[in-house]
Amino acid sequence: MRASPRLPTTVDLLTRALKKDTLRAWARRLEVSEEALRVARFRGRLSPVLAGCIAEDLQLDAARWIVVAALETERDTACKSSMVRHFSKEWSSMGEEIKLPPP
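Take the sequence shown: its position 56, counting from 1, is numbered 56 in my numbering, and each next residue is one higher.
See the structure below:
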């Protein structure tokens, strides 16, 4: 199986968010426990809803980050690789790749 193009991860998104504000502040803003965000960071992925809310707050496309988060929950299969390629190609051709805001 060919390697899939790399999409930014939801942990990349969380890392960027934590440069803007503290974990405690994000937990309050999102109305979740700090532990929930710590566990997400440890597991290496955010839920689609949390990813969408954080993206929206960072003025990024929430729908795209929800897709990234959904793909992260899937096991590595040919179908997942196909979807990653599909979205990478679709967003690139539209000139709208998922980009993190500059630091």
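The beta-carbon is built from N, C-alpha and C at its ideal position, and this holds for glycine as well.
Nearest residue (CA-CA) to residue i, options the options
i: residue 24; options: 16, 38, 12; result: 38
i: residue 28; options: 8, 9, 53; result: 53
i: residue 32; options: 50, 61, 74, 55; result: 50
Expected contact under 8 Å - CB spacing of residue i and residue j to nearest Å
i: residue 72; j: residue 9; result: 7 Å
i: residue 65; j: residue 13; result: 6 Å
Check whether residue i and residue j have beta carbons under 8 Å apart
i: residue 48; j: residue 70; result: yes
i: residue 82; j: residue 7; result: no
query: So, do the stretch 37 to 49 and the stretch 78 to 85 have three or more beta carbon pairs nearer to each other than 8 Å?
result: no
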